[in-house]
Amino acid sequence: MNKIIAPVDFSDVSINAVQYAAQLAAALNKTLIITHVVQLPVVYGDVPMPVGEYESLVAEAKEKMDDLVKALEQTTQGQAIIHTDVKVGSPVYELVHSCKPDQVYCIVMGTHGAGSVERFFLGSTTQSVITESKCPVLVIPQNFAFRKVFKVGFASDFKQVVKSTPAKKILEVIRQWNADLEILHVDPDYAEFEPSVMEEGLLLETMFEEIKPKFQFLHSGYIEESILNYAADNELDMLIVTPKSHSFLESLFMHQHTGDFVRQATVPVLILKND
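Under numbering that gives the first Met the number 0, the sequence shown has 77 at position 78, and the numbering climbs by one with no breaks.
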């Protein structure tokens with residue numbers, strides 16, 4: 000898993016995510032693949048775009064890629080290995096099918112804050128990549144600058160944790176950064192001392208015994224709001240969530256109690272799937 004994939008549409012949001020990805024690649028000794036997809040089909044009214052127009056768009060994208068790589072080499076002081084890839088096709092398809100779990104560490108994508116005008120990386124595209132990709136997806140908030148990861152929050156519902164928790168993947172993240180892990184559980188009913196909750200907590204404690212995680216029970220009514228507020232108030236450097244179903248994935252983007260979870264997060268959100 001030596002590659003990091005970072006799609007770019009050359010918007011400020013996507014470039015910020017690529018800058019984060021480049022510094023992440025340098026810090027973890029990974030190879031960064033920056034990819035741009037000229038989207039199909041492109042039509043003017045009912046008339047498909049001529050082949051020459053596609054060639055022009057590809058050439059323009061390659062020029063922008065060259066400029067971007069030069070800037071990233073300065074940012075990383077040449078410490079990151081960076082490659083580029085310009086394709087014509089469907090952005091979601093190209094991203095998902097270029098991501099081989101045994102080769103790719105993660106896909107890094109950017110997102111606007113809730114309420115901003117949606118572009119290529121927002122809403123359905125990000126959600127589709129997260130839903131369909133077998134690789135981890137790291138979503139970077141708008142204007143978030145790269146920083147070393149000292150504190151990681153892992154959100155758990157304390158249900159069937161042995162089956163649903165990708166412990167090896169989480170441990171890998173923690174070891175790479177030598178970070179502290181805080182396991183977050185939203186508990187509005189103050190049920191932390193109920194037998195079932197205590198049992199699941201002990202199982203989690205055993206899974207992560209070597210890193211001695213801290214447990215934080217958040218006594219608030221709304222899951223999304225509680226987690227996001229805790230991350231912001233306690234200066235977490237990353238949040239990890241593990242989807243159990245498509246409905247959970249959808250809830251990351253749907254306008255529920257706090258709006259879009261991912262777009263309202265103030266720290267990077269790493270979506271890990273259990274194998």
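Note that CB positions come from ideal geometry on N, CA and C, so glycine has one too.
Those residues which DSSP pairs with Glu-181 across a bridge: Answer is Gly-152, Lys-213, bridged to Glu-181.
Mind checking which residues open and close the beta strand (DSSP E) that includes Leu-201? First-last for Leu-201: 194-206, but that is the alpha helix (DSSP H), not the beta strand (DSSP E).
Over what stretch of residues does the beta strand (DSSP E) that includes Gln-38 continue unbroken? 30-38
Cα-Cα separation between Gln-159 and Glu-199, rounded to whole angstroms: Gln-159 and Glu-199: Cα-Cα distance of roughly 7 angstroms.
Exposure of Arg-146, with buried meaning 16 or more beta-carbon neighbours within 10 Å: With fewer than 16 other Cβ atoms within 10 Å, it is exposed.
I'd like the list of long-range same chain contacts for Lys-213, defined as Cβ closer than 8 angstroms, with 5 residues on each side in sequence excluded. These residues qualify, in order along the chain: Asp-179, Leu-180, Glu-181, Ile-182.
State yes or no: is the C-beta of Thr-124 within less than 9 angstroms of the C-beta of Val-85? Taking 9 angstroms as the Cβ cut-off, Thr-124 and Val-85 do not qualify as a contacting pair.
Three CB pairs or more closer than 8 angstroms across the segment 190-198 and the segment 161-170: no
Outcome for Gly-77 when other beta-carbon atoms lying within 10 angstroms are tallied against a minimum of 16: exposed
Counting only the same chain and skipping the five closest in sequence on each side, list residues whose C-beta sits under 7 angstroms from that of Pro-187. His-218, Ser-219, Gly-220
For His-82, count the other beta carbons within 10 Å of its own beta carbon; 16 or more makes it buried, fewer makes it exposed. Which is it? exposed
Rounded to the nearest angstrom, what separates Leu-39 and Gln-102 at their Cα positions? 27 angstroms
Going by DSSP, name the residue or residues bridged to Gly-88. Paired residue(s): Gln-38.
Kindly indicate which residue of Asn-273, Tyr-229, Phe-207, Leu-137 has the alpha-carbon position closest to the one of Thr-241. Asn-273
Anyone know if the C-beta pair for Leu-269 and Val-136 falls short of 9 angstroms? Yes, these two residues count as a Cβ contact at 9 angstroms.
Measuring straight from C-alpha to C-alpha, what distance separates Val-138 and Val-68? 21 angstroms
Thinking just about the alpha-carbon of each residue, which of Ala-25, Glu-131, Ser-10 is nearest to the one in Leu-271? Glu-131
Assuming Lys-63 contacts Ile-32 under a Cβ cut-off of 8 angstroms, what Cβ separation, rounded to an integer in Å, is found between them? Rounded, the Cβ-Cβ distance is 16 angstroms, inconsistent with contact.
According to the Cβ coordinates, are Ile-239 and Val-185 closer than 9 angstroms? The answer is no: Cβ separation not under 9 angstroms.
For the alpha helix (DSSP H) that contains Tyr-229, what are its first and last residues? 222-232
What does the alpha-carbon distance come out to for the pair Phe-192 and Phe-216? Our two residues, Phe-192 and Phe-216, have alpha carbons roughly 11 angstroms apart in a direct line.
For the alpha helix (DSSP H) that Leu-235 lies in, which residues bound it at each end? Segment: none, Leu-235 is in no alpha helix (DSSP H) and carries neither H nor E.
What is the DSSP secondary structure of Gly-51, reduced to helix, strand or coil? helix
The alpha helix (DSSP H) with Ala-21 in it runs from where to where? 11-27
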